[in-house]
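Heads up: the structure comes next, in structure tokens.
Number of protein chains: 2
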Amino acid sequence: MQSISVSDIIVKKAAESRIDQVDFDKLVFGTVFTDHMFECDYINGHWQQPTIRPYGPLTISPAAKVFHYGQAVFEGMKAYKDDQGKVFLFRPDENFNRINKSSERLAIPEFPREYFFGALEELLRMDNDWIKPGLGNSLYIRPFVIASEIGVSASAANQYKFMIILSPAQAYYSGDVSVVIAEKYSRAADGGVGYAKAAGNYGAQFYPTRLAQEQGFQQVIWTDANSHQFLEEAGTMNVFFRVGDKLLTAPTNDRILDGVTRKSLITLAKDAGIDVEVRRVEVSEIVEAAQQGTLKEIFGAGTAAVVSPVKAFSYRGTKYDLPAQESSYAIRFKKALNDIQYNCAPDPYNWRYPIN
Amino acid sequence: MQSISVSDIIVKKAAESRIDQVDFDKLVFGTVFTDHMFECDYINGHWQQPTIRPYGPLTISPAAKVFHYGQAVFEGMKAYKDDQGKVFLFRPDENFNRINKSSERLAIPEFPREYFFGALEELLRMDNDWIKPGLGNSLYIRPFVIASEIGVSASAANQYKFMIILSPAQAYYSGDVSVVIAEKYSRAADGGVGYAKAAGNYGAQFYPTRLAQEQGFQQVIWTDANSHQFLEEAGTMNVFFRVGDKLLTAPTNDRILDGVTRKSLITLAKDAGIDVEVRRVEVSEIVEAAQQGTLKEIFGAGTAAVVSPVKAFSYRGTKYDLPAQESSYAIRFKKALNDIQYNCAPDPYNWRYPIN
Ligand SMILES: Cc1ncc(COP(=O)(O)O)c(C=O)c1O
Ligand SMILES: Cc1ncc(COP(=O)(O)O)c(C=O)c1O
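Sequence order for the protein chains is A and B. According to the working numbering, numbering within the first sequence proceeds without interruption in unit steps and concludes at 356. According to the working numbering, numbering within the second sequence proceeds without interruption in unit steps and concludes at 712.
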């Protein structure tokens with residue numbers, strides 16, 4: 001392998017920052033970007049010299065394979081700033097490993113660790129002012145890879161572009177969410193790409209999600225495509241069910257994204273002495289628990305919203321409301337996670353990754 | 357609906373044609389493009405004024421949703437020129453209907469018929485010289501739609517770009533193909549987007565196809581994701597099996613693309629008095645037929661290669677060779693189809709669409 005280091009990154013600074021034009025109290029998630037972005041091309045079997053340059057448009061052929069064949073993967077992570085101005089990532093190794101796992105499934109070449117971390121550190125130093133302290137504020141980080149080779153024949157590309165763009169984010173409060181349990185549409189096939197953060201997995205969900213929205217629900221909880229009997233995950237979140245004081249969540253498999261928030265919550269819950277069952281969760285047992293009053297909580301877990309409580313779900317045309325919880329696991333573990341992320345609590349698991 | 361017509365297209369002609377730089381005897385499929393392309397943006401709930409302009413790169417935000425969420429669909433069709441210089445499309449209505457069916461599933465707004473046909477006719481007139489007469493020569497036409505709105509949040513875009521690019525193609529002879537029957541990986545889920553020409557469906561196949569290629573096979577024949585017992589289709593072709601003198605092919609469903617070549621071949625075969633069974637085809641019956649010597653042919657059917665004979669397939673580690681056929685259905689129906697496409701035979705089905 002070629003030997004590479006952060007010092008290999010060509011840095012072109014923006015002449016002027018755009019930060020003064022941004023109202024940080026009125027951010028719409030994922031629509032405002034910082035001054036710089038990272039770019040690295042894969043050509044002739046190698047990742048070429050990486051560049052950080054002013055955030056701006058790409059010039060790309062309409063015949064680039066990404067437009068036609070969806071050969072693209074991405075990641076989603078956040079940088080947090082504590083009250084002393086120190087900046088942290090949260091378990092970035094997980095995202096690094098996952099993007100390469102996604103890439104492998106999409107026949108995209110692996111990206112080198114040194115470039116990934118070198119890029120993140122340099123970008124976060126350069127765009128440090130865009131990271132605002134305060135609980136809920138963060139800088140959303142979007143690494144992604146696209147097939148840039150020209151060609152409208154359906155085969156893996158020989159050229160790729162790895163990029164990182166950064167978007168300041170506020171506390172993501174979407175209100176309590178109502179969800180529909182999928183009975184007809186599905187997100188992923190056995191033997192498919194559901195476990196990868198492959199671009200096509202997301203576009204494929206927009207239509208069924210829109211149908212759910214037209215019925216007054218915000219999201220879909222996907223079930224297995226074969227039988228629609230087992231609960232899997234939501235569009236961009238893994239899902240937890242609290243029945244009595246037990247926490248249930250589906251095991252990861254080749255249909256389900258192995259979420260960093262999910263695995264962190266499992267660790268926190270177990271270490272707090274909570275009974276966590278990672279196993280196939282039947283729709284019928286959740287419906288029954290709802291009917292019997294033992295279903296106390298459902299919540300989604302993912303980087304963007306951290307923990308997202310579900311206030312009602314719909315299944316076979318019946319809507320089941322969840323009771324308000326005095327001592328909610330969702331709120332408790334969101335706080336525990338945030339405390340670690342914002343450097344407000346000890347970090348026994350070594351999840352924080354400081355940017356110097 | 358807004359009223360629209362061909363005369364609404366803004367046409368910017370290329371200053372000079374690039375056609376002299378192209379060696380038409382050495383075309384690599386899908387890599388060379390004509391002088392012009394069509395572009396139409398969807399903004400504020402409407403398709404805006406369409407444009408034909410010189411073929412060239414797009415300027416597009418790295419945050420455009422297509423890069424992140426694979427919200428993109430496409431079509432593949434061809435224009436043919438007869439010896440008198442007349443140009444024809446083949447059943448373009450099918451492609452028009454299909455791209456809108458694909459778009460619906462991907463939550464992309466429908467594209468107007470007048471724009472689609474207006475664009476095709478104008479483009480084919482302008483780039484007429486790029487269509488070479490002679491059996492096998494054609495102009496491959498790639499309409500596609502991409503989500504152009506900026507935003508790294510996973511929801512349907514509000515802005516789209518519909519484009520058509522054109523690529524001259526020669527007779528597509530890939531040699532007889534050897535295929536692997538899928539046992540582990542799969543292409544599409546029940547309730548998923550397999551029936552749509554959604555970009556993500558293709559990228560998802562590259563890795564398993566590469567694994568097949570590493571074993572010396574060119575393509576994968578996909579089976580149903582649930583049981584891997586039923587034969588579905590190949591990467592960009594529907595598949596036919598000839599057992600004795602009977603022709604078998606899978607019915608279309610929400611996992612399988614409703615191919616124009618497939619449906620045309622079914623019509624031609626039925627009208628030629630051949631027994632065509634459109635039904636679920638079991639892997640086991642094909643393996644048995646191969647063992648008993650009653651499996652006479654397998655061939656793929658799709659716009660790019662028209663008909664692609666399969667010379668061997670592999671299943672559970674065993675390779676089954678197909679016998680050479682004296683009077684092959686594949687060759688017979690490829691000729692029958694080509695004769696109609698190139699205006700060398702009567703067109704009883706009204707499949708030809710002349711461009712004036
Ligand atoms: C499909 C899917 N499931 C779950 C998650 C949650 O994963 P993480 O906690 O790593 O953000 C995401 C978002 O990243 C996702 O896209
Ligand atoms: C998945 C798939 N199946 C089948 C086909 C064949 O369809 P058609 O005959 O319309 O080209 C294609 C190509 O368009 C395809 O992409």
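Ideal placement from N, C-alpha and C gives every residue a C-beta, glycine not left out. Predicted model only: the values in this text are computed from it and were never measured.
Looking at the DSSP output, Ala668 (chain B) sits in a beta bridge with B:Ser534 and B:Asp677. Contact between the stretch 178-193 of chain A and the stretch 425-443 of chain B is not established, with fewer than three Cβ pairs separated by less than 8 angstroms. The beta-carbon distance between Val281 (chain A) and Ala250 (chain A), rounded to whole angstroms, is 6 angstroms. This is short enough to meet the 8 angstroms contact definition. Within the chosen limit of 6 angstroms, ligand 2 does not reach the beta carbon of Asn582 (chain B) with any heavy atom. Contacts between Thr407 (chain B) and chain A, judged by CB atoms closer than 7 angstroms, are missing: the closest CB pair is about 13 angstroms apart. Assignment of beta-bridge partners to Lys81 (chain A) by DSSP yields A:Val87. When the alpha-carbon of Gln341 (chain A) is set against those of A:Asn137, A:Gly216 and A:Tyr329, the nearest one is in A:Asn137. Burial check for Lys296 (chain A): the Cβ neighbour count within 10 Å reaches 16 or more, so the residue is buried.
Minimum Cα-Cα distance from Ser458 (chain B) among the listed residues B:Ala428, B:Ser417, B:Gln571 and B:Phe473 corresponds to B:Ala428. Ranked by Cα distance from Thr294 (chain A), the first of A:Pro346, A:Asn100 and A:Leu248 is A:Leu248. Chain-order list of chain A residues neighbouring Ser523 (chain B): Val152, by C-beta distance under 7 angstroms. Put simply, the CB of Phe29 (chain A) is near chain B, with a gap under 7 angstroms to one of its CB atoms. The three-state secondary structure of Phe385 (chain B), taken from DSSP, is coil. Excluding five sequence positions before and after Pro133 (chain A), the CB atoms of its chain that fall closer than 6 angstroms to its own CB belong to Lys81 and Asp83, given in chain order.
No Cβ of chain B is located within less than 7 angstroms of the beta carbon of Gln229 (chain A). Chain-order list of chain A residues neighbouring Gly591 (chain B): Ala154, by C-beta distance under 8 angstroms.
Residue pairing by DSSP places Met393 (chain B) opposite B:Arg409 in a beta bridge.
Residues of the stretch 551-571 of chain B with a C-beta less than 9 angstroms from any C-beta of chain A: Ala552, Ala554, Ala555, Gly556, Asn557, Tyr558, Gly559, Ala560, Gln561, Phe562, Tyr563, Pro564, Thr565 and Arg566, listed in chain order. About 6 angstroms separates the beta carbons of Met519 (chain B) and Phe394 (chain B), which is inside the 8 angstroms limit, making them a contact pair.
Remark: C-beta atoms of Ala312 (chain A) and Gly426 (chain B) do not approach each other more closely than 7 angstroms. Separation of Thr318 (chain A) and Gln292 (chain A) (C-alpha to C-alpha, rounded to the nearest whole angstrom) is 15 angstroms. With a 10 Å radius around the Cβ and a threshold of 16 neighbouring Cβ atoms, Ile10 (chain A) comes out exposed. DSSP, read as helix, strand or coil, puts Met593 (chain B) in coil. With distances taken between CA atoms, Ala660 (chain B) lies nearest to B:Gly615 out of B:Gly615, B:Tyr471 and B:Ile375. The three-state secondary structure of Ile99 (chain A), taken from DSSP, is helix. Residues of the stretch 68-83 of chain A whose Cβ lies closer than 7 angstroms to any Cβ of chain B, in chain order: His68, Tyr69, Gly70, Gln71, Ala72 and Phe74. In the structure shown, the three-state DSSP call for Thr617 (chain B) is helix.
According to the DSSP assignment, Val152 (chain A) belongs to no beta strand (DSSP E), since it is labelled neither H nor E.
Counting other Cβ atoms within 10 Å of its Cβ, Cys396 (chain B) reaches 16 or more and is therefore classed as buried.
Its chain contains Leu247, Ile266, Ala269 and Lys270 as the residues whose beta carbon lies nearer than 6 angstroms to that of Val276 (chain A), once the 5 sequence neighbours on both sides are disregarded; these appear in chain order. Taking 7 angstroms as the cut-off, the beta carbon of Arg142 (chain A) is found closer than this to the beta carbon of Val508 (chain B). Contact between the stretch 691-709 of chain B and the stretch 557-576 of chain B is absent, with fewer than three C-beta pairs closer than 8 angstroms.
Residue pairing by DSSP puts Met519 (chain B) in a beta bridge opposite B:Glu395 and B:Phe500.
Per DSSP, the continuous beta strand (DSSP E) segment holding Ala428 (chain B) begins and ends at Ala428 to Phe430. In the structure shown, Thr565 (chain B) falls within a helical segment according to DSSP collapsed to helix, strand and coil.
For Lys184 (chain A), the residues of chain B that pass the 8 angstroms Cβ criterion are Gly547, in the order they occur in the chain.
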